[in-house]
Ligand code: AMP
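Residue numbers (the working numbering): 744 to 1149.
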């Protein structure tokens, strides 16, 4: 992308502007801000920039009369915000690739931006419809995908459209490039020891992640609700803790795989257990892994924190996905907070640290440590799938040198 001479050229840019909007106001513009590096570079190069994005799932939440709920899903407030942030001229078209878009594209001058309406207003988008992708592709001479958060979707604007551009006319944007390169640092030849910290509610959501990372890492530190399924699989008392009884065999097979691969899979040695799922519940620190029958484990305990901190401090690469406990409740947040701080300290000592999506990102932000880790992924589901070893359609479509469709 950096080597192209884009002056006067029409560039189709797919971004992830799927930001939370309440009563027509953007409540968190992180995703917009993350796209700015690419947008600034395109403005400076004198390109005529045509931006596409989705927002929510408008066809799944239609108005009662079957029409699209534009007040909830229109990208117009985002065009306004872009106009405030950028010095460039920003216009908005009320369709995506229709009459209004065509007229406004005609009017673009070098360095101007057109944001087209939500790609998901069209049923063809999620179907990856070839004809619609072709008509979108015809709007520009170049295609750039910076929407890492949607890279795991095989949709028209994220994947199919790339089939109409050859390798000299399609590229990752700056954000997407950084996401892919940072994931590769972990997945290919990570500096060792390499530690994966996996938490969150359910083991069933992270099976592929744990399994794939086992092929690479030296240590896996398990926390969160998923730990109790591993305990139940070993006949340890879990009380009323979150536990997936239908996943016990699977948990056993992961423990077995770790042994065979010589990966050290660590489980909590103590927990903070409460008599209800509430911040003001009565709680105690368990003396060992067992939980009292009337209690549920809601956080890792102090001895586990100490052990995990030591392993983190000795690591050279770390990937973290999922909180260590119910960190949204103050009384059960110390595990997640301590691990976040330990990850930040390891970073300061030269460890490469990737925060791979979801609630661990929320935790890092909550404890104001965003600037103290190496990389925070913007794509929850997309990063999870990448770390699971899956090929993401949005990435493959850019890298693919298959013959273009005319
Ligand atoms: P996930 O989206 O799978 O990463 O799960 C994140 C959620 O797991 C957060 O909302 C946490 O509150 C929740 N969680 C973490 N630990 C526990 C636990 N021990 N019991 C119940 N929920 C938990």
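Cβ atoms here follow ideal geometry from the backbone N, Cα and C, with glycine treated the same way. Predicted model, so just to flag it, every value in this text is computed and none were measured.
With a 10 Å radius around its C-beta and 16 neighbouring C-beta atoms as the bar for buried, classify residue 787 as buried or exposed. Along the chain shown, one-based indexing puts residue 787 at 44. Under this definition residue 787 is an exposed residue.
Complete runs of the alpha helix (DSSP H) confined to the stretch 906-977 [at least 4 residues]: 917-930, 950-957 and 970-976
Mapping DSSP to helix, strand and coil, what is residue 1022? Taking the chain shown and counting its residues from 1, the one referred to as residue 1022 is at position 279. Correct three-state label for residue 1022: coil.
What residues are listed by DSSP as bridge partners for residue 1064? Taking the chain shown and counting its residues from 1, the one referred to as residue 1064 is at position 321. Its beta-bridge partners are 941.
Distance between beta carbons of residue 943 and residue 759, contact taken as under 8 Å: Start at 1 with the first residue of the chain shown, and residue 759 comes out as number 16. Start at 1 with the first residue of the chain shown, and residue 943 comes out as number 200. With 8 Å as the limit, residue 759 and residue 943 do not qualify as a contact, their Cβ atoms being about 22 Å apart.
Please determine, among 868, 823 and 1020, the residue with the shortest C-alpha to C-alpha distance to residue 839. The residue labelled residue 839 in the question sits at position 96 within the chain shown. Looking at the Cα atoms, 868 is the closest of the given residues.
Would you mind sorting residue 785 into buried or exposed? The rule is 16 or more other CB atoms within 10 Å of its CB. Locating residue 785 in the chain shown gives position 42, where the first residue counts as 1. Buried.
Check whether the Cβ of residue 1069 sits closer than 7 Å to any heavy atom of the ligand AMP, and report yes or no. Working through the chain shown from its first residue, we reach residue 1069 at position 326. Yes; taking the cut-off as 7 Å, the Cβ of residue 1069 has a heavy atom of the ligand AMP nearer than that.
The alpha helix (DSSP H) enclosing residue 1079, as first and last residue numbers: Within the chain shown, the letter at position 336 stands for residue 1079. Here the alpha helix (DSSP H) through residue 1079 covers 1077-1091.
Alpha carbon to alpha carbon, how far is residue 762 from residue 861? Along the chain shown, one-based indexing puts residue 762 at 19. Along the chain shown, one-based indexing puts residue 861 at 118. Cα to Cα, residue 762 sits roughly 12 Å from residue 861.
Would you say the beta carbon of residue 997 comes nearer than 7 Å to a heavy atom of the ligand AMP? Within the chain shown, the letter at position 254 stands for residue 997. Outside the cutoff, so no.
Can the beta-carbon of residue 945 be found less than 8 Å from the beta-carbon of residue 969? The residue given as residue 945 occupies position 202 in the chain shown. The residue given as residue 969 occupies position 226 in the chain shown. For residue 945 and residue 969, yes; Cβs fall inside 8 Å.
Taking all protein chains shown into account, do 16 or more other C-beta atoms lie within 10 angstroms of the C-beta of residue 962, making it buried, or fewer, making it exposed? On the chain shown, residue 962 is found 219 positions in, with the first residue counted as 1. Residue 962 should be labelled buried.
Buried or exposed: which applies to residue 1081, given that a residue is buried once 16 or more other Cβ atoms fall within 10 Å of its Cβ? Position 338 of the chain shown, counting from 1, holds the residue named residue 1081. Label assigned to residue 1081: buried.
Which residue from 1142, 1065 and 1087 puts its Cα closest to that of residue 1126? The residue you call residue 1126 lines up with position 383 of the chain shown. Closest option to residue 1126, Cα to Cα, is 1065.
Output the distance between the C-alpha atoms of residue 1028 and residue 955, rounded to the nearest integer angstrom. As a first step, residue 1028 must be located in the chain shown, where it is residue number 285. As a first step, residue 955 must be located in the chain shown, where it is residue number 212. In a straight line, the C-alpha of residue 1028 is about 33 Å away from that of residue 955.
Check the C-beta distance from residue 902 over to residue 1137 and give it rounded, since I have them as a contact under 8 Å. Sequence index remark: in the chain shown, residue 902 carries index 159 (1-based). Sequence index remark: in the chain shown, residue 1137 carries index 394 (1-based). Sure, about 5 Å apart at Cβ, within 8 Å.
Compute the minimum distance between the beta carbon of residue 944 and the heavy atoms of the ligand SAM, and state whether it is under 7 Å. This structure does not include the ligand SAM; its bound ligands are the ligand AMP.
Across which residues does DSSP place residue 836 in a beta bridge pair? As a first step, residue 836 must be located in the chain shown, where it is residue number 93. Bridge partners of residue 836: 859.
Would residue 959 be called buried (16 or more neighbouring beta carbons within 10 Å of its own) or exposed? The sequence position of residue 959 within the chain shown is 216, counting from 1. Classification for residue 959: buried.
Any non-hydrogen atom of the ligand AMP within 7 Å of residue 1045 CB: For the purposes of this step, residue 1045 is identified with residue 302 of the chain shown, where counting begins at 1. No; taking the cut-off as 7 Å, the Cβ of residue 1045 has no heavy atom of the ligand AMP nearer than that.
Inspect the beta-carbon positions of residue 752 and residue 790 and report whether they are closer than 8 Å. Reading the chain shown from its first residue, position 9 is the one you call residue 752. Reading the chain shown from its first residue, position 47 is the one you call residue 790. Yes, these two residues count as a Cβ contact at 8 Å.
Roughly how many whole angstroms lie between the Cα atoms of residue 1109 and residue 873? The count along the chain shown starts at 1 and reaches residue 1109 at position 366. The count along the chain shown starts at 1 and reaches residue 873 at position 130. So the alpha carbons of these two residues sit roughly 42 Å apart.
If you check the beta carbons only, do residue 1150 and residue 936 fall under 8 Å apart? The question about residue 1150 has no answer, for the chain in this structure spans 744 to 1149.
Residue 939 classed as buried or exposed, judged by whether at least 16 other C-beta atoms fall within 10 angstroms: Stepping through the chain shown from its first residue, residue 939 is reached at position 196. Looking at its Cβ environment, which holds 16 or more other Cβ atoms inside 10 Å, residue 939 is buried.
What distance in whole Å lies between the Cβ atoms of residue 814 and residue 871, which are believed to be in contact at a cut-off of 8 Å? Residue numbering aside, residue 871 sits at position 128 when the chain shown is read from its first letter. Residue numbering aside, residue 814 sits at position 71 when the chain shown is read from its first letter. The pair is not a contact, with the Cβ atoms about 28 Å apart (cut-off 8 Å).
If I'm right that residue 1121 touches residue 777 with Cβ under 8 Å, what's the distance once you round it to whole angstroms? As a first step, residue 1121 must be located in the chain shown, where it is residue number 378. As a first step, residue 777 must be located in the chain shown, where it is residue number 34. Confirmed, Cβ separation roughly 5 Å.
Can you give me the Cβ contacts of residue 1135 inside the same chain, cut-off strictly under 7 Å, excluding the 5 residues immediately before and after it? Within the chain shown, numbered from 1, the residue matching residue 1135 stands at position 392. Same-chain partners within the cutoff: 894, 895, 1125, 1128 and 1129.
Is residue 1011 near the ligand AMP, with its Cβ less than 7 Å from a heavy atom? As a position in the chain shown, residue 1011 is number 268, starting the count at 1. Result no, Cβ not under 7 Å from the ligand AMP.
Please return the same chain residues whose Cβ sits closer than 6 Å to the Cβ of residue 1008, not counting the five positions on each side in sequence. As a position in the chain shown, residue 1008 is number 265, starting the count at 1. These residues qualify, in order along the chain: 963 and 1001.
Is it buried or exposed for residue 781, if we count other Cβ within 10 angstroms and need 16 for buried? Here residue 781 is taken as the residue at index 38 of the chain shown, counted from 1. Its Cβ being crowded by 16 or more others within 10 Å, residue 781 is buried.
Quick one: any contact between the stretch 967-987 and the stretch 1003-1017, if contact means 3 or more CB pairs under 8 Å? yes
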